[in-house]
């Protein structure tokens with residue numbers, strides 16, 4: 225194996241990626257196994273296991289292990305995909321954000337109803 229500049233990579237070529245390195249291409253794992261942090265690409269918070277036959281995405285970082293990946297998409301094809309994923313992620317609210325907003329709205333209603341009931345109960349004897 226030899227090192228080549230990213231700009232010289234072509235589709236179909238094998239790319240070796242080790243611990244701490246960023247995956248430079250989209251492709252399939254030909255050999256090895258590793259854990260890959262794809263949080264910058266997919267938003268997954270935990271490193272995901274990758275092994276022979278699995279899809280590898282450009283922008284992921286190998287946190288443990290080593291992979292040999294057959295390059296399928298290189299250069300601008302991967303950069304534009306990453307940009308699109310980021311834009312889509314920023315444009316839509318996260319599931320947890322939507323769920324927490326709904327729970328907060330319910331909590332306010334319950335709190336106000338409880339306070340009103342407490343206030344009426346406390347002053348019921350004043351009449």
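Numbering (my numbering), first residue to last: 225 to 351.
Glycine included, every Cβ here is placed at the ideal spot set by N, Cα and C.
{"Check": "I believe residue 258 touches residue 291 by the beta-carbon criterion, under 8 Å. Please report the beta-carbon distance rounded to the nearest angstrom.", "Outcome": "5 Å"}
{"Check": "Hey, quick one: how far does the beta strand (DSSP E) through residue 274 stretch, first residue to last?", "Outcome": "272-274"}
{"Check": "State buried or exposed for residue 298, treating a residue as buried only when at least 16 other CB atoms are found within 10 Å of its CB.", "Outcome": "buried"}
{"Check": "How would you call residue 227, buried or exposed, if buried means at least 16 neighbouring beta carbons within 10 angstroms?", "Outcome": "exposed"}
{"Check": "Shortest alpha-carbon distance to residue 311 belongs to which of 271, 266, 341 and 289?", "Outcome": "266"}
{"Check": "Can you tell me which of the three DSSP states residue 331 falls into?", "Outcome": "helix"}
{"Check": "From the DSSP secondary-structure annotation, give me the bridge partner or partners of residue 293.", "Outcome": "239 and 253"}
{"Check": "Does the stretch 237-247 touch the stretch 270-290, meaning 3 or more C-beta pairs lie closer than 8 Å?", "Outcome": "yes"}
{"Check": "With a threshold of 16 other CB atoms inside 10 Å of the CB of residue 320, please say whether the residue is buried or exposed.", "Outcome": "exposed"}
{"Check": "DSSP three-state call for residue 288: helix, strand or coil?", "Outcome": "strand"}
{"Check": "By the 10 Å Cβ neighbour count, where 16 or more other Cβ atoms means buried, how is residue 262 classified, buried or exposed?", "Outcome": "buried"}
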